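What follows is a set of notes on a single structure, which appears directly below.
In UniProt numbering, the protein residues as written are 1 to 277.
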């Protein structure tokens with residue numbers, strides 16, 4: 001029974017008719033031959049086409065627009081010839097310039113310093129690529145690059161692209177000037193903060209020096225007071241010892257005198273007794 005059903009289906013499509021397929025909801029059925037090839041170089045094939053849309057709303061999509069993207073926004077298709085040339089020369093897929101979200105690197109299974117380091121590395125890599133691409137883009141000649149990507153006449157011609165590139169370059173120059181002015185103000189603020197920090201450090205060092213001098217004077221006063229107290233105690237002790245010694249000598253002298261007098265009295269008594277005999 002299974003084989004008969006399979007045979008009937010093969011007979012049904014044997015004349016080359018396509019089987020009917022119900023398209024998925026929200027999608028339009030397309031033939032497989034028109035589906036773009038998904039490979040690593042697909043962006044190069046798309047980005048280098050000479051029939052690129054000239055502009056979106058009158059403004060070329062350049063690296064400046066990608067640099068201003070917010071987290072979660074989709075990376076638009078580049079239409080600026082010099083930006084395209086810079087990406088091709090450095091082999092950078094514009095999708096690599098998507099804003100880096102910290103939520104994509106947060107990992108509760110590892111230490112916070114590890115995933116923060118990964119996030120910082122990805123952010124630094126994006127910033128480094130943007131700096132290199134912008135510097136390389138500004139080094140190109142706009143007219144020469146436009147001829148490589150645009151037709152000479154018609155929609156999206158060199159004249160339109162060069163005009164748009166000129167506007168983009170002017171905006172980029174103004175943006176760079178604003179950034180430089182901001183950096184100068186930031187540098188000036190940092191210098192002022194550094195000078196204030198140096199002055200505060202000098203003031204603190206002077207205050208510490210004065211405190212050290214005061215402590216040293218106090219210690220010297222305490223040392224002198226202690227020496228005076230010790231010397232006073234020593235002198236008093238010596239005086240007391242001398243007084244005791246003098247009293248002992250006087251007492252010994254008096255005892256000696258008393259003993260001498262008693263001996264003399266005893267000798268006189270003996271002499272009287274001897275005379276009476």
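From the three backbone atoms N, C-alpha and C, an ideal C-beta is built for every residue, glycine too.
None of these values were measured; they are calculated from a predicted model.
Where residue 71 sits in the DSSP three-state scheme: Looking at residue 71 - three-state DSSP - the assignment turns out to be coil, as it is neither helix nor strand.
Cβ separation of residue 75 and residue 98, assumed to be a contact under 8 Å, to the nearest whole Å: Indeed they touch by this definition, with Cβ atoms about 5 Å apart.
Buried versus exposed call for residue 261 [16 or more other C-beta atoms within 10 Å across all chains shown]: Taking all protein chains shown into account, residue 261 has fewer than 16 neighbouring C-beta atoms within 10 Å of its C-beta and is therefore exposed.
Own chain residues within Cβ distance below 7 Å of residue 222, not counting five before or after: Here the set comprises nothing.
Start and end residues, alpha helix (DSSP H) containing residue 131: Start and end: 112-138.
Extent of the continuous alpha helix (DSSP H) run through residue 87: For residue 87, the enclosing alpha helix (DSSP H) starts and ends at 81-90.
Backbone secondary structure at residue 62 - three-state DSSP: Residue 62: coil per DSSP, three-state reduction.
For residue 136 and residue 89, believed in contact at Cβ under 8 Å, the rounded distance: Contact holds; Cβ gap of about 6 Å.
Same chain, Cβ closer than 7 Å to residue 83, neighbours up to 5 away in sequence not counted: Only 62, 63 and 137 meet the Cβ criterion.
Pairwise C-alpha distance: residue 72 and residue 101: Going from the Cα of residue 101 to the Cα of residue 72 covers about 8 Å.
DSSP three-state assignment for residue 235, whether helix, strand or coil: In the structure shown, residue 235 sits in a helix (DSSP, three-state: H, G or I).
Spatial neighbours of residue 253 in its chain, beta-carbon cut-off 6 Å, leaving aside the 5 residues before and after: The answer is none, since no qualifying residue turns up.
Between the CA atoms of residue 214 and residue 122 - distance to the nearest angstrom: Spanning the alpha carbons of residue 122 and residue 214 requires a straight line of approximately 55 Å.
Residue 133 beta carbon less than 9 Å from that of residue 193: No.
As assigned by DSSP and simplified to three states, the class of residue 93: Assignment of residue 93 by DSSP, reduced to helix, strand and coil, places it in the coil class.
Neighbour-count burial assignment, residue 267, 16 or more Cβ in a 10 Å radius: Result: exposed.
Inter-residue spacing [alpha-carbon to alpha-carbon] between residue 60 and residue 66: Distance from the CA atom of residue 60 to the CA atom of residue 66, rounded to whole angstroms, is 11 Å.
Cα-Cα separation, residue 273 to residue 251: For residue 273 and residue 251, the distance between alpha carbons rounds to 33 Å.
C-beta contact flag for residue 77 and residue 94 at 9 Å: Cβ atoms of residue 77 and residue 94: closer than 9 Å.
Other residues of its chain near residue 107: CB distance less than 7 Å, five sequence neighbours each side excluded: If we look at residue 107 and ignore the five residues flanking it on each side, its Cβ neighbours are 115.
Presumed contact (8 Å Cβ cut-off) between residue 92 and residue 129, rounded CB distance: With a contact defined as Cβ atoms closer than 8 Å, residue 92 and residue 129 qualify at about 6 Å.
Residue 241 (DSSP reduced to helix, strand or coil): For residue 241, the three-state secondary structure derived from DSSP is helix.
Span separating the alpha-carbon of residue 249 from that of residue 233: Going from the Cα of residue 249 to the Cα of residue 233 covers about 24 Å.
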